[in-house]
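Residues in the sequence shown are numbered consecutively from 2, following the numbering used here. Note that beta-carbon positions come from the ideal geometry of N, C-alpha and C, so glycine has one too. Predicted model only: the values in this text are computed from it and were never measured.
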Amino acid sequence: MGRNGRTGWLAAALLLGVSAAQADIKVGVTVSASGPGAALGQPQMKAVAALPRDIGGEKVTYIALDDESDPTKAAQNARKLVLDEKVDVLLGSSLTPVSLPLLDIAAESRTPLLTMAASNVLVAPVDDKRRWVFKVVPNDDIMATAMLTYIAKSGAKTIGFIGFSDAYGEGYYKVLAELAPRLGVTIAGKEVYARGDASVTGQVLKILSAKPDAVFIAAAGTPAVLPQKALRERGYKGPIYQTHGVATDDFIKLGGRDVEGAIFAGEAYTVAEDLDPSSPFHKVTAAYIEAYRKSQNQPPVIFGAHVFDSMQLVANALPAALKAGKPGSAEFRAALRDGLEQTRDVYLNNGLANMSPTDHNGYDQRSAFIIKVDGGRFRLVK
């Protein structure tokens, strides 16, 4: 192991007050703390400091690396974590394209991987490779179904689509194209753009020429502001729908009045302030908010909650794994994988998790909340 890698390992351990000698369980983290996915990856990296240092009496070390939103870098990080650091579980990455190379590494090393990216292609179908992969973010179809049902009930008959030209955008389009006809909705035009594009004028003009009743933007983070801003600047006054990937204060700060009224289906955490105290989601959202604020002295965001939820799932599966073997062993990793697959009725910031051998995401419509940007805040649509 190189000197820089050793220094990074110690820095992560010391950050959490856990020394190498004390640590029993190793958790490897690779997130997009820089690059196009930084709006997601930065709060995820910060959330590492809010994670439990002790689970069931076992000490935990977190080794967190930045993959710079680059699939090749993410693969390098993952191989370093499983080969050099010999981690028991992997968390990452932030984006679907960046997470895809990790599937092979998880399967080859037989290390459980909890991805925080959005697309269901990461966990479906559960084949020999994906049996080692679990996803803490609700699948596209859960949120897309909730959103399209809401759109249909609003009376819209046609929707224009503009989304990322990658697995995230294509995943949403595939689900929408399948569901729309069943609900009496027609997709009036499909346009795509890259996460790093500075303009979507051409795409927006094509969407507007179709005169849709509503527009659906399948994007995430601050790049999702671009098409909505362009639509408003060109006089479009109809409803604009987004995805749960926009649930960050940066989206509202950058978009300003142009993103007012944006509606999307999102997770419980995003509307934590509107949840009834009796809601089973209230306890877990409050726990994350407290832990993040304590470690960072700043308000948390949903993307950090993905990391927090990942470790909640690990903690739930840990008792059975410890009976099968010691941390660091192949038996422990295999049992941890089995335990994750048996997750039942675990409330998370992202939803109600129930996994199985054929479902490594495990959410249903109870995990989808309709949310609207109202007065510069994310509010629950009741």
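Three or more beta-carbon pairs separated by less than 8 Å link the segment 146 to 153 to the segment 362 to 379, which places the two stretches in contact. In terms of Cβ geometry, residue 210 and residue 193 do not form a close pair [threshold 8 Å].
Between residue 122 and residue 316, the alpha-carbon positions lie close to 25 Å from each other. Following the DSSP letters along the chain, one finds residue 60 inside the beta strand (DSSP E) bounded by residues 59 to 67. Boundaries cannot be given for residue 377, as no alpha helix (DSSP H) includes it and DSSP labels it neither H nor E.
Nearest to residue 313 by alpha-carbon distance, out of 95, 104, 78, 135, is 135.
In this structure, DSSP gives residue 348 an extended state, which the three-state scheme calls strand. In this structure, the straight-line span from the alpha carbon of residue 323 to that of residue 346 is close to 21 Å. Per DSSP, the beta bridge partners of residue 242 are 217, 264.
In this model, residue 340 and residue 359 are separated by some 14 Å (Cα to Cα). The Cβ atoms of residue 90 and residue 113 sit closer than 8 Å to each other. Taking each of 119, 217, 63, 46 in turn and checking the Cα distance to residue 53, the smallest one comes out for 63.
Rounded to whole angstroms, residue 332 and residue 133 show a C-alpha spacing of 14 Å. Judged by DSSP in its simplified three-state form, residue 259 adopts helix. Exclusion of the five residues before and after residue 301 leaves 290, 293 as the residues of its chain whose Cβ lies within less than 6 Å of its Cβ. Between residue 152 and residue 163, the C-beta spacing is not below 8 Å. Per DSSP, the beta-bridge partners of residue 28 are 63, 90.
Looking only at 181, 126, 197, 207, the smallest Cα-Cα distance to residue 363 is reached by 126.
Taking the Cα of residue 197 as reference, the smallest distance to any Cα among 38, 380, 140, 265 is reached at 38. With 16 or more other CB atoms across the displayed protein chains lying within 10 angstroms of its CB, residue 223 is buried. In the structure shown, residue 119 falls within a coil segment according to DSSP collapsed to helix, strand and coil. Annotation: the continuous beta strand (DSSP E) that includes residue 164 extends over 159 to 165. Within the DSSP secondary-structure output, residue 187 pairs in a beta bridge with 159.
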